[in-house]
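J.:
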Amino acid sequence: MPLQQPDESLLIRDETGTQTLVGYVVDISDPAHGRCYLDLGPQHLNRHGVLHGGIAATLLDNACGMTGSLSVDPTGRNPFLTISLTTQFLAAGKPGRVTATGYIKGGGRSLLYIDAELVHEDGTVIATSTGVFKRVPQEKLT
Numbered sequence: 028m029p030l031q032q033p034d035e036s037l038l039i040r041d042e043t044g045t046q047t048l049v050g051y052v053v054d055i056s057d058p059a060h061g062r063c064y065l066d067l068g069p070q071h072l073n074r075h076g077v078l079h080g081g082i083a084a085t086l087l088d089n090a091c092g093m094t095g096s097l098s099v100d101p102t103g104r105n106p107f108l109t110i111s112l113t114t115q116f117l118a119a120g121k122p123g124r125v126t127a128t129g130y131i132k133g134g135g136r137s138l139l140y141i142d143a144e145l146v147h148e149d150g151t152v153i154a155t156s157t158g159v160f161k162r163v164p165q166e167k168l169t
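Sequential numbering of the sequence shown, starting at 28, is according to the working numbering.
1. Under 9 angstroms, Cβ to Cβ, is there at least one residue of chain D near D142?
2. Give a yes or no on whether the C-beta atoms belonging to Q70 and G44 are separated by under 9 angstroms.
3. Tell me whether R40 sits in a helix, a strand or coil according to DSSP, three-state version.
4. Using alpha carbons as the reference points, say which of I141, G120 and L78 lies closest to L108.
5. DSSP on L117, reduced to helix/strand/coil?
6. Decide if V152 is buried, meaning its Cβ has at least 16 other Cβ atoms within 10 Å, or exposed.
7. Out of curiosity, what's the CA-to-CA distance linking G158 and C91?
8. Give the straight-line distance between the Cα atoms of T128 and D34, rounded to the nearest whole angstrom.
9. Considering I131, what are the terminal residues of the beta strand (DSSP E) in which it resides?
10. If you count every other CB in all the chains shown that lies within 10 Å of the CB of G133, and 16 or more means buried, which is it?
11. Which residue's Cα is closest to the Cα of A143: L37, Y64, R40 and S36?
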């Protein structure tokens, strides 16, 4: 059964240079959980033929930051900066679609503690992360 895609207006494509380079898509269809997905190709794999850890960490970081952003802005455009991110690699990421999803675990007005999980389309949890993210103050946005 094919994966159901959200409305195209709830997907963010090619917004940043990193997003364009890596090729992931940001999904803001769930206001409580930032998501991004990537269809793994040979350019995303390491010399052992599995997902490169740096790309896995990039997806987890983006899902966390987007989760923070969605907590204050339904368009997901209010930036959060990564203060720290710890990543645990649990399984090899094989070719196919992977999805990173963020979950707010705590925090206050300016700092959020956000976890994320990177899952292969077959249900395998590839990696998890936990991090601290800082909201960019409104006066710094102009």
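The beta carbon of each residue, even a glycine, is placed where N, CA and C say it ideally should be.
T.: The answer reads as follows:
1. Absence of chain D from the displayed structure is noted, only one protein chain being present.
2. On the sequence shown, residue 70 is found 43 positions in, with the first residue counted as 1. On the sequence shown, residue 44 is found 17 positions in, with the first residue counted as 1. No, Cβ-Cβ distance for Q70 and G44 is not below 9 angstroms.
3. Translated into positions along the sequence shown, residue 40 becomes position 13. Residue state, collapsed to three classes: coil.
4. Translated into positions along the sequence shown, residue 108 becomes position 81. Here the closest residue by C-alpha is I141.
5. Numbered from 1 along the sequence shown, position 90 holds the residue referred to as residue 117. Coil, per DSSP.
6. Here residue 152 refers to the residue found at position 125 of the sequence shown. Exposed: under 16 other Cβ atoms inside 10 Å.
7. Against the sequence shown, residue 158 aligns to sequence position 131. Against the sequence shown, residue 91 aligns to sequence position 64. So the two alpha carbons sit approximately 8 angstroms from each other.
8. As a position in the sequence shown, residue 128 is number 101, starting the count at 1. As a position in the sequence shown, residue 34 is number 7, starting the count at 1. T128 and D34: Cα-Cα distance of roughly 18 angstroms.
9. Working through the sequence shown from its first residue, we reach residue 131 at position 104. Residues R124 to G134.
10. Numbered from 1 along the sequence shown, position 106 holds the residue referred to as residue 133. Exposed, because fewer than 16 other Cβ atoms sit within 10 Å of the Cβ of G133.
11. Locating residue 143 in the sequence shown gives position 116, counting from the first residue. The candidate whose alpha carbon is nearest that of A143 is Y64.
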